[in-house]
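Number of protein chains: 4
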Amino acid sequence: MSTTKVAIVGASGYSGQELVRLLLRHPHVAISCFTSRQYAGKPVTDIFPKFRGLLDGAFVEPKIAAIIARGAQAAFLALPHGVAAEYAVPLLEHEIKVLDLSADFRLKSAAVYKDFYEHEHPAPALLARAVYGLPELYRNTIRKADLIACPGCYPTSIILGCAPALKRGLAKPHGIVANSLSGVSGAGRKVSEEYIFPECNESARAYGIPKHRHLSEIEQELSLLAGTELKINFNPHLIPLNRGIVSTICLDLAKPATTDDVLTAFRDFYKGERFVRVSKALPDTKNVQETNFIDISARADARTNKLIVVTAEDNLTKGAAGQAVQCLNLAFGYDETEGLL
Amino acid sequence: MSTTKVAIVGASGYSGQELVRLLLRHPHVAISCFTSRQYAGKPVTDIFPKFRGLLDGAFVEPKIAAIIARGAQAAFLALPHGVAAEYAVPLLEHEIKVLDLSADFRLKSAAVYKDFYEHEHPAPALLARAVYGLPELYRNTIRKADLIACPGCYPTSIILGCAPALKRGLAKPHGIVANSLSGVSGAGRKVSEEYIFPECNESARAYGIPKHRHLSEIEQELSLLAGTELKINFNPHLIPLNRGIVSTICLDLAKPATTDDVLTAFRDFYKGERFVRVSKALPDTKNVQETNFIDISARADARTNKLIVVTAEDNLTKGAAGQAVQCLNLAFGYDETEGLL
Amino acid sequence: MSTTKVAIVGASGYSGQELVRLLLRHPHVAISCFTSRQYAGKPVTDIFPKFRGLLDGAFVEPKIAAIIARGAQAAFLALPHGVAAEYAVPLLEHEIKVLDLSADFRLKSAAVYKDFYEHEHPAPALLARAVYGLPELYRNTIRKADLIACPGCYPTSIILGCAPALKRGLAKPHGIVANSLSGVSGAGRKVSEEYIFPECNESARAYGIPKHRHLSEIEQELSLLAGTELKINFNPHLIPLNRGIVSTICLDLAKPATTDDVLTAFRDFYKGERFVRVSKALPDTKNVQETNFIDISARADARTNKLIVVTAEDNLTKGAAGQAVQCLNLAFGYDETEGLL
Amino acid sequence: MSTTKVAIVGASGYSGQELVRLLLRHPHVAISCFTSRQYAGKPVTDIFPKFRGLLDGAFVEPKIAAIIARGAQAAFLALPHGVAAEYAVPLLEHEIKVLDLSADFRLKSAAVYKDFYEHEHPAPALLARAVYGLPELYRNTIRKADLIACPGCYPTSIILGCAPALKRGLAKPHGIVANSLSGVSGAGRKVSEEYIFPECNESARAYGIPKHRHLSEIEQELSLLAGTELKINFNPHLIPLNRGIVSTICLDLAKPATTDDVLTAFRDFYKGERFVRVSKALPDTKNVQETNFIDISARADARTNKLIVVTAEDNLTKGAAGQAVQCLNLAFGYDETEGLL
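Residue numbers (this note's numbering), protein chains in the order written: chain S, 1 to 341; chain A, 1001 to 1341; chain B, 2001 to 2341; chain G, 3001 to 3341.
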């Protein structure tokens, strides 16, 4: 099978690092360049010593010409929102497929983007072209896409947790409350006082309530699943672990159901999905660490008529880089699990 | 001022250890005995080396006669539920005030106890005599009580978070969803595989959904606050920190309100309370660690008509031993903050 | 290439779990059985949920007949010392190669074994047959061995750190001081109070000084490297991380040398070794986590005439299961890195 | 007893925060001002929310005139080295006693300072006036001092660990090897990539080998204790805990001795010291967390003729702020333990 050359643009953050880890194991992908403004010219293994002995090469300046010159057929954009769009436009013009890990192309509506991100969308014309890169829901369109907006960690954990319940009519669309617990790498490799070790260790706190940016795409996708416009409550928390997200989602049962009913429906909905594991046991982030799995369980609460769904994923894998590789596999016709098991 | 002699029964767990820490600083309390079946005869500092240089004495067998012989005027029971009642009965007969940290006397109803704890209540006749030891709600009855059932970590964090909203009619009583994140000491000093370090570190998980035992007392107290029988959803999580609980509670706003409205009402409700700190900033467990404070903030979400309350406390202090000392201060006429600031 | 069938005996501990993780990626190995006395009959994924979707099968009783019946050509023994020998004897009689992760066959001398392990060696006749499973030092004998005593985490980190210095005469053999810092999984999946999360988190402590059991094999191997009988100081510490060991070793320089001299000699000594990474930068456990690498650096201190070597490895991979797989690859003629990169 | 007014200069770092925590409990001290360039004008509790309800006041600009105007009789300098001296000179001129937590006045020799800190000493004339603020060794001179150079975390843990051995002739002065493990707050509240949570958590590493800056004062003090000029090896490590240092020190026994001999000598040496706890059990950082204790144990190793001393302290308390308060108590005639038990 032929090899696909890929660029990793913004390779020096945690998502970039995870992309490298995964792609090194991918039998059909060659990394043609790693870009980093900050580290241009430095060997990649100086910044990521864990890859010593596994790869060569240096970071290059994030210039379109350089990416093209190195023959990239696809580019992963691990860039801040707003910046990603600047790269996507010229890359697409040069027929390089774009796997964007930022939020720039996840929303259908430039108005919603502006409402949540507080600036004009940088490339609204591309919004209609972009496909939401959640393979479990959009597998076929991802196969044909050239601009794939890979959802981030919170949206993936909540959307996949709600999809069976909403799509199968187990739960009502309104009144959903989602609480998420994220490890600190979810904030990226961000250097600020709030993220230094003594501030995060032995600390747990809610933040970003009530209008976290990612709420916009969560509501967009849940509305599509439910077939009606809905709004939810989303309460993210920061907890002291490196990697992992737990989301616990409360929905109103549409009709009486037992936990077994619900689990059966979830198992059926995700039948054949290689990266979704439905189980009776409540999930634990440690079981998905450094994997592309999302673990899902659920409970029906007859006392309150609620359905409680709990999901766990690795925010850097299924919640970022792994999902992007899964999309790449689809877009280039590889087995969906290449590099991911 | 006279000194009160107290016994710590079941002194070798984490709540017992925290009681020792607090009482060592209390100017009007002397610890007359530490009991521990497991460690009877051993110096307390062999088991708690952190107290070396600060206290003498050995653990004694947990026998009523021994507690009486040592002149205890009050006894803290840091025992498993079911066992605590066995001690409370004879201690009360000997006019020793009981501060029970277990769940044995928190419920008004022996039937609810049986429903949640799955055995008959061991001393139902005492239920009516017991006072729920939450000073912010029951200060005056605690002052006159001789059997004080100190609420545990989850109930304290949720009840104090909801009290202003329910009592002042800011929120509707039905449909409350509480998610709590607890450090591992919340499970006590329990030796089982699920609590060893490699299983808890880099792990976050929900558990005990949908019917955690402490839900019973949470619903009892919220119902009393709301003036109507209610049921809630309670989703506890275990996260990798030693001490601390965050509870994030979603309620339906009874009428439109802003975040400022809500915070003003909360500040007013808790005016004069020394251990409740209401602030605009969302709380963080690290700010309450080893203190008796509970930090509370709230947000009104106009998009969904919800009130989101977030609280943080130390599960071993305000969530256990600190609260018990606060109750002792009330019951013996000391300043409520003695030993606690 | 043909497939080798292997048994994992004692598969339910952390080393067993890591063997499973590595062997699942090995193209030429099939796991023929997982044994566990405690979990016999239970699906492996009930105990290790992280492998759901990746493997089937249940634990079986650890019986020799069962291991043979399932066609194992090699057996990994992830058992306590003393017990491992009971399995090794009959397995070898049935021409099943043994990769022992315990300490039972690492020492040449039954007397030294008794001195450090405080009981008679259970199978002294096999000591001469066993090969010390450190491929960097004994590659050729491992290739021909049928009883391979894979060294554990501390010995690997110290022996590989000292080997170039002693073998090349950079350092004097006497007066070596080794301090090691180990993550908690180094204690195995051991359920005891000292290893529960609240006792290990926010805790760092030395233990086992001055005569840790593994000192015996460290001294045996360093003596062989130095060509003279030597004794060292070994000070192990327990620190709050899951996986990883750092060893910092002080030796007396045999003659003046700079840091560059030393690093050059180390690089030369380990030239061609795929799992030893010598670098100027001091190593960090996070760079070797879940890898079979050992990272090594060194400093010459002209002020004190000392050579300080620092190594980092994952105690469960290069310090246990990874090393055993590396030995299996040698013993069965596979590429040494199969399953390990 | 009269109250002493103190200024905390550089109050916004971790040592400053710990000074506040301790001084709030001190019955004879009032904090007259908190200075912080970065936070001037902001309420102290905005930056340290854990003190809400316990103190009022805002940070002020770190200006000498302001400190004087507020009536400070003593000033704690929690400033970077080099900067501290700029404050010490004018404060002393105004007869304000200086408790310096930086390294500026710990060395007797401006030449050694330049060698280790790589710039000229900013106030060499004051070096002779300064007293090394280690009460266990210099109690009487501290009582009369007006410039007290409080030793930091590593030096305290190593010097107090070696003092009995060197002073009593148990160990030889040459060939000492000290390995220390420090929590991340030891680096101060420093915002840089290497200290963000995901880089420190699940990470352990050596650093600063072979010539850490604090080695200079360690060697100065050990030389004074031994009565001969000596050099040592000092290997610091960074481990994932907030607070705490373990130092494990290997010395050559001067003559044969048992562990009991050594412990007896250590106990005798520290008889009457309130903050030094000598025990048979090896120390653990968790037992000294947020206390001013240093826990010490030792082992004699007959196999290698070594004495191994292990110490544990809280780097922010006995290793910084607590020690400074202990010195203040001496310098102002208070009981040495005020505010510290």
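Note that CB positions come from ideal geometry on N, CA and C, so glycine has one too.
{"Query": "Within this structure, are the beta carbons of A3011(G) and L3019(G) separated by less than 9 Å?", "Result": "yes"}
{"Query": "For R52(S) and chain G, any beta-carbon pair shorter than 9 Å?", "Result": "no"}
{"Query": "Report yes or no: is there a C-beta of chain G within less than 9 Å of the C-beta of S2157(B)?", "Result": "no"}
{"Query": "Against E1290(A), what residues of chain G qualify as contacts under a CB-to-CB distance less than 8 Å, listed in chain order?", "Result": "E3290"}
{"Query": "Counting only the same chain and skipping the five closest in sequence on each side, list residues whose C-beta sits under 6 Å from that of N179(S).", "Result": "N235 and T248"}
{"Query": "Between the C-alpha atoms of Q1038(A) and V1009(A), what's the straight-line distance to the nearest angstrom?", "Result": "12 Å"}
{"Query": "Would T2337(B) and L2160(B) qualify as a contact pair, given that the criterion is a beta-carbon distance under 9 Å?", "Result": "no"}
{"Query": "Quick one: any contact between the region 2122-2130 of chain B and the region 2258-2268 of chain B, if contact means 3 or more CB pairs under 8 Å?", "Result": "no"}
{"Query": "In the DSSP assignment, the beta strand (DSSP E) including K3306(G) goes from what residue to what residue?", "Result": "K3306 to E3313"}
{"Query": "For H237(S), write down the residues that DSSP places opposite it in a beta bridge.", "Result": "L181(S) and A206(S)"}
{"Query": "Excluding five sequence neighbours on each side, which residues of the same chain lie with their C-beta closer than 6 Å to the C-beta of P2985(G)?", "Result": "Outside the displayed span of chain G (3001 to 3341) sits residue 2985(G), for which this structure offers no information."}
{"Query": "Can you find the residues in the same chain that come closer than 7 Å, C-beta to C-beta, to N315(S), ignoring five residues on each side of it along the sequence?", "Result": "C153, S182, G183, S185, G186, R243, G244 and I245"}
{"Query": "In chain order, what residues of the same chain have a beta carbon less than 8 Å from the beta carbon of L2147(B), not counting five sequence neighbours either side?", "Result": "A2088, L2092, K2097, V2098, D2100, F2105, L2126, R2129, A2130 and V2131"}
{"Query": "For the alpha helix (DSSP H) containing A163(S), list its first residue and its last residue.", "Result": "C153 to K167"}
{"Query": "In the DSSP assignment, find the unbroken alpha helix (DSSP H) run with I296(S) in it and report its ends.", "Result": "Premise fails: I296(S) lies in the beta strand (DSSP E), I294 to D301, not in any alpha helix (DSSP H)."}
{"Query": "Tell me whether R21(S) sits in a helix, a strand or coil according to DSSP, three-state version.", "Result": "helix"}
{"Query": "Using the three-state DSSP reduction, which class does P1043(A) fall into: helix, strand or coil?", "Result": "strand"}
{"Query": "Mind checking if A3281(G) is an interface residue toward chain A, Cβ cutoff 9 Å exclusive?", "Result": "yes"}
{"Query": "Can you tell me where the beta strand (DSSP E) with C250(S) in it begins and where it stops?", "Result": "I245 to D252"}
{"Query": "What would DSSP say about Y3138(G), mapped onto helix, strand or coil?", "Result": "helix"}
{"Query": "Please compile the residues from chain G whose C-beta is within a distance smaller than 9 Å of the C-beta of Y14(S).", "Result": "P3198"}
{"Query": "Buried or exposed: where does S2032(B) fall if 16 or more other Cβ atoms within 10 Å of its Cβ makes it buried?", "Result": "buried"}
{"Query": "Of all the options A2069(B), Q2073(B) and C2150(B), which has the alpha carbon lying nearest to the alpha carbon of L2079(B)?", "Result": "C2150(B)"}
{"Query": "Following the continuous alpha helix (DSSP H) through I2068(B), name the residue where it begins and the one where it ends.", "Result": "I2064 to A2069"}
{"Query": "Could you check what DSSP says for T337(S) in three-state terms: helix, strand or coil?", "Result": "coil"}
{"Query": "Of the residues that make up the region 34-53 of chain S, which ones have a beta carbon closer than 7 Å to any beta carbon in chain B?", "Result": "P49, K50, R52 and G53"}
{"Query": "Could you tell me the distance, in whole angstroms, from the CA atom of G2188(B) to the CA atom of Q220(S)?", "Result": "46 Å"}
{"Query": "Of all the residues that make up the region 3222-3243 of chain G, which are near chain S by a beta-carbon distance shorter than 9 Å?", "Result": "P3240, L3241, N3242 and R3243"}
{"Query": "Which residues mark the beginning and the end of the alpha helix (DSSP H) in which S2223(B) is found?", "Result": "L2215 to A2226"}
{"Query": "Looking at the C-beta of G3319(G), does it have a partner C-beta in chain S at a distance below 9 Å?", "Result": "no"}
{"Query": "Would you check if the distance between the CB atom of A3323(G) and the CB atom of N3292(G) is smaller than 9 Å?", "Result": "This sequence places Gln at residue 3323(G); Ala is not what is there. A contact, by the Cβ cut-off of 9 Å."}
{"Query": "Name the chain G residues whose beta carbon is nearer than 9 Å to that of N287(S)?", "Result": "Those do not exist, as N287(S) stays about 17 Å from chain G at its closest Cβ, beyond 9 Å."}
{"Query": "Between which two residues does the alpha helix (DSSP H) harbouring C327(S) extend?", "Result": "G322 to A331"}
{"Query": "Flag this pair as touching only if the region 2203-2212 of chain B and the region 2132-2147 of chain B have three or more C-beta atom pairs under 8 Å; answer yes or no.", "Result": "no"}
{"Query": "Could you tell me which chain S residues have their CB closer than 7 Å to the CB of V3184(G), listed as they occur along the chain?", "Result": "F197 and P198"}
{"Query": "Over what stretch of residues does the beta strand (DSSP E) that includes F34(S) continue unbroken?", "Result": "V29 to T35"}
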